[in-house]
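Visitor: The structure that follows is given in the form of structure tokens.
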Amino acid sequence: MRVATTVLFFLACLTIGAFPGKAQAQEEGTRAPVPHNQVVSANPFLILFEWFNGEYERKISPTTTLGVGASRLSLDDGDESYTGLNGFLRYYPQGAALSGFSFGGRLGFHNVSEDDEDGEAFALGVDLGYSWLLGSKRNFYIGLGIGATRLFGGDIDGGRVVIPSIRLINLGFAF
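Structural data, given as structure tokens:
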């Protein structure tokens, strides 16, 4: 009898634990608004490989940001290099610009240099990303993202090149 009571008690506890009530976070459809209006970020790890990238992003509405990003990759002791400068627009569908999932477009200018030859092209691209604002003041920024950029209207391989864009562990400061 005592074993049966213990088994029933255990099953009752297991059943109650398996079907929890609604959590508070499930009721909210958006994130808390971000108290900051802009972020400056860069990837400190890629500098070790002579690849610099940095971004400045400014909130223009509760769901949208505008920004500028620059990147430079140097290869073969500086004989070959890639430089890109892009303006971008990001949309944060959860309603908290600068934090969470984002997608958007970019427009820019790219230069590739090899020995004594240079090639330039305009760029049009898309990207997906996710960013976090951490700390008690929510001002430490971590950003990740991927995308693709199409080069056109220039003299780089006929101007029809698609290159990947990677925002890999950008660290920064929100203010």
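Residue numbering for the sequence shown follows the working numbering, beginning at 665 and increasing consecutively.
We put the beta carbon where it would ideally sit given N, CA and C, even for glycine.
1. Output the distance between the C-alpha atoms of P697 and A761, rounded to the nearest integer angstrom.
2. Mind checking S829: buried by the 16 CB within 10 Å criterion, or exposed?
3. Assuming E784 and N775 make a contact with CB atoms under 8 Å, what is their CB distance in whole Å?
4. Can you tell me whether K801 is buried or exposed? The criterion is at least 16 other CB atoms within 10 Å of its CB, across all chains shown.
5. Mark A812 as exposed unless 16 or more other C-beta atoms lie within 10 angstroms of its C-beta, in which case mark it buried.
6. Return the CA-CA distance between G742 and R736, expressed in angstroms with no decimal places.
7. Return the chain-ordered ranges of every alpha helix (DSSP H) run that is complete within the stretch 729–798 and spans a minimum of 4 residues.
Guide: This is what the structure gives:
1. Locating residue 697 in the sequence shown gives position 33, where the first residue counts as 1. Locating residue 761 in the sequence shown gives position 97, where the first residue counts as 1. Each residue's Cα considered, the two are about 8 Å apart.
2. Translated into the one-based positions of the sequence shown, residue 829 becomes position 165. It counts as buried.
3. One-based indexing of the sequence shown puts residue 784 at position 120. One-based indexing of the sequence shown puts residue 775 at position 111. Sure, about 5 Å apart at Cβ, within 8 Å.
4. Residue numbering aside, residue 801 sits at position 137 when the sequence shown is read from its first letter. When all chains shown are included, K801 counts as exposed.
5. In the sequence shown, residue 812 corresponds to position 148, counting from 1. Counting C-beta atoms within 10 angstroms of its own C-beta, A812 has fewer than 16 neighbours from the protein chains shown and is therefore classed as exposed.
6. By 1-based counting over the sequence shown, the position of residue 742 is 78. By 1-based counting over the sequence shown, the position of residue 736 is 72. Looking at the two C-alpha atoms, the distance is approximately 11 Å.
7. Look at the stretch 729–798 and you find no whole run of alpha helix (DSSP H) that is 4 residues long or longer.
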